[in-house]
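In the working numbering, the protein residues as written are 80 to 695.
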């Protein structure tokens, strides 16, 4: 633990090295908050809390110029790993380290560290099947690789690697992930030279200018520790101002702080997975919490079109990158009378990609969507008809994840602090997944019409219905035509009873026949893909559509013989019509959905999304 003497020494060290800490910013330590900062007196808004000169920052830059530790002068490993080993070197030699007052206040390597990097097998059960577990495992493999490569560099340089243990490396990683800032705070202004600092023979800090202009952007993005500044704990409601002036990093408060109040920093809108992975804590009611949805690669033929307008989803080789196509979904809140508002709470970039995929599946031409949300919610836009399918795609992606988390949740209570933190994270993940899937299902339910009684107006816009609903709608519009339709089905299948037809495997054929018959009798507002001049269906697929349509046409001929003069006998019946209307609507607008049956239970039934009816 950091004693009052250690904290006083740190304060003096900061001042002696050109830094500043507000006189009323009191450094304290307790078990719950660790080392933190409180206001010894009321502080007004815009008060400057601390100023940290770049000369006392600790990062991989120091390792590139330190004459007492030259093993990484030629790099050889990632900049962040160099920083970890440099911190280890300072800790191993802390008695003589320039940063000794700072090192004395850091959590010790043998203290309880709470990031998942330190979880044992029992602790890991509490993050099973979550985004945090997968990220932890990936980072563990990366760190192990960096560590082993660095040990090889040490040995080749004649440095004894034994003090640089895996445990100490994990500690250094944790210190950096929980306390560091981006190297952007050190980035030179109007110069290609970066300032690196070392201690000279007389103990004074010396500046060395490094030309890093040939370094990659990735190598210039590394973590840096700013002593004292990293003492301020995070609060998502805290308002602070970061100022990056040449050679220094300053933090001021934007809100007044009462006497005795804690002085906070704000790391930005961090989700609980980021907080747990980086800092080892979570916020129970974190407004920035999210779950991650990784979008699988779009169809191969669609990828070149997307790459032209959204290259950020592809790696340097032009291949689809699932990591870059990862979207954060937050808890959704939908009002009863505006179920479609759920889409306003989803990432617009996700909706854009799903829209491209939906259009591609329907063989519609690729069109760049500039304002995707406006396009999807505008009632005059054809794109709004993609919303039910977008909802289903997202739900079908999230439900397996939700089921896996639920099924692997430990049944025993948490046994330690790590498990308590992980339980909060896990519970929030379930809550977010449930809110998103329930909101999207509620939207789909809001479109569902199972009956069309004469006492209610016909739907004036899009709706979802079942075979039974569509038959009832047909009967309401034209009872005679509905009776003729049933007679035609009996002529082919021997019955018009829907339950018997389902058991006999007639459901899909019945749906196609009903959609076509309804189009001839009442008229749908047809989707774009039902118009052959708009949809670009390749010859091979169209041949399959026609082959299936000819089988249906045989049923139509039987029905027409049974009911001559009815709509079964209209000349509009042909294979092209059946394929382009009934066949494509079945493929692209029909899907299974849990619907109430007999007013008591729910069963999965095929439903159809209808864009509208012309007689409404």
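Heads up, the beta-carbon is just placed ideally off N, CA and C, and yes, glycines get one too.
{"query": "Quick check: what's the CA-CA separation for residue 315 versus residue 335?", "result": "16 Å"}
{"query": "Taking only runs that begin and end inside the stretch 482 to 549, name each unbroken alpha helix (DSSP H) of 4 or more residues, in chain order.", "result": "496 to 526"}
{"query": "Leaving aside the five residues before and after residue 504 along the sequence, list all residues of the same chain whose C-beta is less than 6 Å from its C-beta, in chain order.", "result": "351, 355 and 361"}
{"query": "Taking the beta strand (DSSP E) that residue 117 falls in, what are its first and last residues?", "result": "113 to 118"}
{"query": "Given residue 472, which residues of its chain have a CB within under 7 Å of its CB, disregarding the five upstream and five downstream residues?", "result": "433"}
{"query": "What's the gap between the Cα of residue 713 and the Cα of residue 500?", "result": "This structure does not reach residue 713, given that the chain is present from 80 up to 695, and the question cannot be answered."}
{"query": "Can you tell me where the alpha helix (DSSP H) holding residue 249 begins and where it ends?", "result": "245 to 258"}
{"query": "Whose C-alpha, out of 483, 533 and 388, is nearest the C-alpha of residue 554?", "result": "533"}
{"query": "Whole angstroms is fine: what's the gap from residue 447's alpha carbon to residue 468's?", "result": "19 Å"}
{"query": "Helix, strand or coil, according to DSSP, for residue 276 in the structure here?", "result": "strand"}
{"query": "State the Cα-Cα distance for the pair residue 427 and residue 495, rounded to the nearest angstrom.", "result": "40 Å"}
{"query": "Leaving aside the five residues before and after residue 695 along the sequence, list all residues of the same chain whose C-beta is less than 7 Å from its C-beta, in chain order.", "result": "Its pLDDT being 48, under 50, residue 695 is placed unreliably by the model, and the measurement read from it follows with that caveat. The answer, listed in chain order, is 537, 538 and 539."}
{"query": "In the DSSP assignment, what are the bridge partners of residue 684?", "result": "672"}
{"query": "State the beta-bridge partners of residue 692 as determined by DSSP.", "result": "603"}
{"query": "Taking residue 92 as part of the alpha helix (DSSP H), name the residues at either end of that continuous run.", "result": "83 to 95"}
{"query": "Enumerate, from N- to C-terminal direction, the unbroken beta strand (DSSP E) stretches of 3 or more residues contained entirely within the stretch 305 to 383.", "result": "319 to 324, 327 to 332 and 370 to 373"}
{"query": "Rounded to a whole number of angstroms, what is the C-alpha to C-alpha distance between residue 644 and residue 652?", "result": "13 Å"}
{"query": "With distance defined between alpha-carbon atoms, name the residue in 676, 639, 631 and 675 nearest to residue 655.", "result": "631"}
{"query": "With DSSP run on the structure shown, which of helix, strand or coil describes residue 191?", "result": "coil"}
{"query": "Which of the three DSSP states is assigned to residue 620 in this structure?", "result": "helix"}
{"query": "Using the Cα positions of residue 603 and residue 470, report the straight-line distance between them to the nearest angstrom.", "result": "23 Å"}
{"query": "Threshold first: 4 residues or longer. Then list the alpha helix (DSSP H) segments lying entirely within the stretch 391 to 470, N to C.", "result": "427 to 440 and 451 to 456"}
{"query": "Are the stretch 669 to 689 and the stretch 515 to 528 touching, with three or more C-beta to C-beta distances below 8 Å?", "result": "yes"}
{"query": "Buried or exposed: which applies to residue 293, given that a residue is buried once 16 or more other Cβ atoms fall within 10 Å of its Cβ?", "result": "exposed"}
{"query": "By the 10 Å Cβ neighbour count, where 16 or more other Cβ atoms means buried, how is residue 32 classified, buried or exposed?", "result": "The requested residue 32 is not part of the displayed model; the chain covers only 80 to 695."}
{"query": "Does the distance from the CB of residue 358 to the CB of residue 257 come in under 8 Å?", "result": "yes"}
{"query": "State buried or exposed for residue 394, treating a residue as buried only when at least 16 other CB atoms are found within 10 Å of its CB.", "result": "exposed"}
{"query": "I need the DSSP call for residue 122, collapsed to helix, strand or coil.", "result": "strand"}
{"query": "According to the Cβ coordinates, are residue 669 and residue 685 closer than 8 Å?", "result": "yes"}
{"query": "For residue 171 versus residue 242, is the C-beta distance shorter than 8 Å?", "result": "yes"}
{"query": "Going by beta-carbon coordinates alone, are residue 557 and residue 637 separated by less than 8 Å?", "result": "no"}
{"query": "I need the boundaries of the beta strand (DSSP E) containing residue 102, first residue and last residue.", "result": "That residue, residue 102, is in no beta strand (DSSP E); it is neither H nor E in DSSP."}
{"query": "What do you get for residue 167, buried or exposed, if any count of 16 or more other CB atoms within 10 angstroms of its CB means buried?", "result": "buried"}
{"query": "Is it right to say residue 245 is buried, meaning 16 or more other beta carbons lie within 10 angstroms of its own, or is it exposed?", "result": "exposed"}
{"query": "Considering only the beta carbon of each residue, do residue 103 and residue 88 sit closer than 8 Å?", "result": "no"}
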